[in-house]
DNA sequence: CCTCTCTAGATTGCATGCAATTACATCTAC
DNA sequence: GTAGATGTAATTGCATGCAATCTAGAGAGG
């Protein structure tokens, strides 16, 4: 069972399934190419196959899964080309978000950004001190998503946020961490870049904020591209 | 029946339903706020309620419909705020597409853009000559979507294209035409702006192409905002 | 005349059943 | 031993049934 625990309200099953599955896939619980069987999902969550099928279909519409007719859904295997494209669009969107944020951010939100920068620093320190990279993955991802969440809130354009979220969903988040965790130098650079962005926003320098964000995402893209795992065609059963 | 006519392949019903409904909604066939009943959709397409429900759920995931628990789906009523935000993100995305296109476009694609510019001119001419605005709405929308389709193809980033498409779906296309059709001056300006963009791309001037595109979309946004219809709360039955 | 309560009808949301399709293993022919 | 045909198990995709839920309207009470 992967239930959330709280009593489920009527008419919310599909919503819960979709959210939960999206989260689990993003966290890398299901390897790329894994077949998501209706019956398995239904059993896992204690529901029938109808809502399971609905949730899987929604995840396909969201770009998380791919559908093979009469064979079902599996976790999408983004091609190197697709990954590059996603990063390029992310750079444009987040760059604009940083630009907007520089002109609108509140003191509270700015402080929130600084806290996450500090969070990145702590993770870097822990890695340098030999902490288990798997254990600090969660706090790293937490700082990462909080930073971006705050950035987009400060930008004040929810459509911009949604467009970026749709892109995030196309790449499992764990990919980034798998690449970064073994490379303290890149980790430090990553933290530095977040500080650059935050500083530019604090200075209310929109152009610089945009430029720093684009540079940050392009650096991340290069790192990922260089460390792409070799694709392995997913098995059909299982 | 709103079937496409060709024999339906097995395992394609939901796909067809989703595409067809998205198209019909985008074309304004269902007024904003209209309730999309499962039974009605199922009957219209000669299928059971299961695939109808699936298609509606997918359309919600795509941002076309909104869901009210235990009451169903209805065509989303974008708020003025949301419309403004969509246009702002469109400006960023399409601006970047124009920038990329300037560096990569082929001769054939460039010619395609010019053809659509000519198409806009023809529509403007027909309106000036007193043509029925409803009748030339279709060719106008055709030129519009072909122009953008070609622009994004030339940009060569399918993620960029998908992100923009997702935004288009959030606003019924007929809205734009309803605003423009009664205003020959704006129509002419619209055509001029498309020509500016195409010229910049032809000159391989990426910065200018981006700037022209952003100016174009911002002009469209201002026009739409100024002509927003007064929202009328959708009825619950019907 | 207004407000609250109750009821009937409509609609969704989920469970289940079954035919169509597919993958995989086995068997046969050469 | 290999290529092709055949059978079986697994899986999807759609149809249908039914309980839970919601709306609208009638009727009672103030």
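Chains as they are written, first to last, in the UniProt record's numbering: chain Z, 1 to 238; chain B, 1 to 238.
Glycine included, C-beta positions come from ideal geometry on N, C-alpha and C.
Predicted, not measured: the structure shown is a model, and the values here were computed from it.
Discussion item. Beta-carbon within less than 8 Å of residue 122 (chain Z)'s beta-carbon, same chain only, minus the 5 sequence neighbours each way: which residues are those?
Written reply: 139
Practice prompt. Report the option in Z:56, Z:13, Z:74 whose CA atom is closest to the CA atom of residue 33 (chain Z).
Written response: Z:74
Worksheet item: Between which two residues does the alpha helix (DSSP H) containing residue 65 (chain B) stretch?
Response: Note, residue 65 (chain B): premise wrong, no alpha helix (DSSP H); beta strand (DSSP E) at 65 to 68.
Worksheet entry | Chain-ordered neighbours of residue 12 (chain Z) on chain B, where CB pairs are closer than 8 Å | 69
Worksheet item: On the three-state DSSP scale, how would you describe residue 95 (chain Z)?
Response: helix
Worksheet entry | Alpha-carbon to alpha-carbon, residue 218 (chain Z) and residue 23 (chain B) | 36 Å
Item to complete: Identify each residue in the region 88 to 104 of chain B for which the Cβ-Cβ distance to at least one residue of chain Z is less than 8 Å, and report them in chain order.
Response: 88, 89, 92, 93, 96
Discussion item. If I measure Cβ to Cβ from residue 18 (chain B) and keep anything under 7 Å in the same chain, skipping five residues before and after, which residues do I get?
Written reply: 55, 58, 59
Practice prompt. Count the other CB atoms, across all protein chains shown, that sit within 10 Å of the CB of residue 132 (chain Z); report buried if there are 16 or more and exposed otherwise.
Written response: exposed
Worksheet item: Exposed or buried, which one is residue 228 (chain B) when buried takes at least 16 other CB atoms within 10 Å?
Response: exposed
Discussion item. Please tell me whether residue 167 (chain B) has its Cβ less than 8 Å away from any Cβ of chain Z.
Written reply: yes
Worksheet entry | Below-8 Å beta-carbon distance, residue 61 (chain Z) vs any chain B residue | yes
Discussion item. Could you pull the DSSP bridge partners for residue 140 (chain B) from this structure?
Written reply: DSSP output for residue 140 (chain B) lists no bridge partner at all.
Item to complete: Could you tell me which of Z:210, Z:205, Z:200, Z:158 sits nearest to residue 85 (chain B), measuring between CA atoms?
Response: Z:158
Worksheet item: Looking at the unbroken alpha helix (DSSP H) that takes in residue 58 (chain Z), where does it start and where does it end?
Response: 49 to 61
Discussion item. DSSP three-state label for residue 36 (chain Z), please.
Written reply: strand
Discussion item. Between residue 149 (chain Z) and chain B, is the shortest Cβ-Cβ distance under 8 Å, so that the two count as touching?
Written reply: no
Worksheet entry | Members of the region 36 to 58 of chain Z that neighbour chain B once the beta carbon cut-off is set at 7 Å | 54, 57, 58
Worksheet item: With 8 Å set as the bound, which would you pick, yes or no: does the beta-carbon of residue 64 (chain B) sit closer than that to a beta-carbon of chain Z?
Response: no
Worksheet item: Taking the Cβ atom as the reference point for each residue, do residue 160 (chain Z) and residue 89 (chain B) lie within a distance shorter than 8 Å?
Response: yes
Discussion item. Between the alpha carbons of residue 187 (chain Z) and residue 95 (chain Z), how many angstroms are there, rounded?
Written reply: 20 Å
Worksheet item: Hey, is residue 160 (chain B)'s beta-carbon within less than 8 Å of any beta-carbon in chain Z?
Response: yes
Item to complete: Find the nearest neighbour of residue 209 (chain Z) within the set Z:201, Z:216, Z:215, judged by alpha-carbon distance.
Response: Z:201
Discussion item. Tell me the DSSP secondary structure of residue 104 (chain B) in three-state form.
Written reply: helix
Worksheet entry | Three-state secondary structure (DSSP) of residue 73 (chain B) | strand
Worksheet item: Does the Cβ-Cβ distance between residue 21 (chain B) and residue 78 (chain B) come in under 8 Å?
Response: no
Discussion item. What does the Cβ neighbour count give for residue 142 (chain Z), buried or exposed, with the cut at 16 atoms within 10 Å?
Written reply: exposed
Worksheet item: In three-state DSSP terms, what is residue 227 (chain Z)?
Response: coil
Discussion item. Which residue marks the beginning of the alpha helix (DSSP H) containing residue 281 (chain B), and which one marks its end?
Written reply: This structure gives no information on residue 281 (chain B), because the portion of chain B shown stretches from 1 to 238.
Worksheet item: Whose C-beta lies closer than 8 Å to the C-beta of residue 220 (chain Z) among residues of the same chain, with five residues either side of it excluded?
Response: 87, 176, 190
Fill in: First through last residue of the alpha helix (DSSP H) which encompasses residue 193 (chain B)
184 to 202
Item to complete: Taking only the alpha-carbon atoms, compute the straight-line gap between residue 16 (chain B) and residue 155 (chain B) and give it to the nearest angstrom.
Response: 28 Å
Worksheet item: Counting Cβ pairs, one atom from each stretch, are 3 or more of them under 8 Å apart for the region 96 to 107 of chain B and the region 147 to 154 of chain B?
Response: yes
Worksheet item: Taking just the CA atoms, how far does residue 46 (chain Z) sit from residue 14 (chain Z)?
Response: 12 Å
Worksheet entry | Whole-angstrom C-beta distance between residue 214 (chain B) and residue 91 (chain B), which should lie under 8 Å | 5 Å
Practice prompt. At 7 Å on the CB atoms, spell out the chain Z contacts of residue 86 (chain B), in chain order.
Written response: 159
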